[in-house]
Amino acid sequence: MITVHTQFHSHFREVAATARDSFELDEPLVSELAQRITDKYGAKMKALLIDPDTNELNERGTMFVDTKGRRISIEDTLNDGETITFLVGIAGG
Numbered sequence: 511m512i513t514v515h516t517q518f519h520s521h522f523r524e525v526a527a528t529a530r531d532s533f534e535l536d537e538p539l540v541s542e543l544a545q546r547i548t549d550k551y552g553a554k555m556k557a558l559l560i561d562p563d564t565n566e567l568n569e570r571g572t573m574f575v576d577t578k579g580r581r582i583s584i585e586d587t588l589n590d591g592e593t594i595t596f597l598v599g600i601a602g603g
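The letter at position 58 of the sequence shown is residue 568 when you use the numbering used here, and the numbering goes up by one with no holes.
Listed below in structure tokens is the structure:
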């Protein structure tokens with residue numbers, strides 16, 4: 511079992527009504543973290559987090575990054591104590 515920390519920004523923070531949370535996972539997988547988050551925060555969070563067409567992390571205007579600033583995908587593994595940040599992407603020019 512591992513503990514993964516989350517930081518929520520923008521729409522994710524609005525839905526979660528918190529900036530940070532922690533989740534204990536039986537399996538160190540992003541897919542389990544996503545399931546735990548959607549179980550806790552409901553359908554609005556699932557709509558932000560999961561692409562209904564692919565059942566993968568939603569990459570349409572959102573970013574999910576690990577402690578080192580790398581984008582993560584649904585099949586990635588996580589480390590104990592790691593922090594995953596949930597962001598809404600901003601484009602400009």
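Just so it is clear, CB atoms sit at the ideal spot from N, CA and C, and this is done for glycine as well. Here the structure is a predicted model, which is why all the values come from computation and not from measurement.
Own chain partners of residue i with C-beta closer than 8 Å, once the 5 adjacent residues on each side are dropped
i, result
"Ser541", "Ile584, Glu585"
"Ser532", "Thr513, Val514, His515, Thr516"
"Lys556", "Thr548"
"Arg570", "Asp561"
Residue i vs residue j beta-carbon contact at 8 Å
i, j, result
"Thr587", "Leu543", "no"
"Glu592", "Asp576", "yes"
"Leu558", "Arg546", "no"
Own chain partners of residue i with C-beta closer than 7 Å, once the 5 adjacent residues on each side are dropped
i, result
"Ala529", "Gln517, Phe518, Arg523"
Cβ neighbour criterion (16 or more within 10 Å) applied to residue i
i, result
"Val598", "exposed"
Could you give the uninterrupted runs of the alpha helix (DSSP H) lying entirely in the segment 534-575, keeping only those of 4 residues or more?
-> 540-551, 553-559
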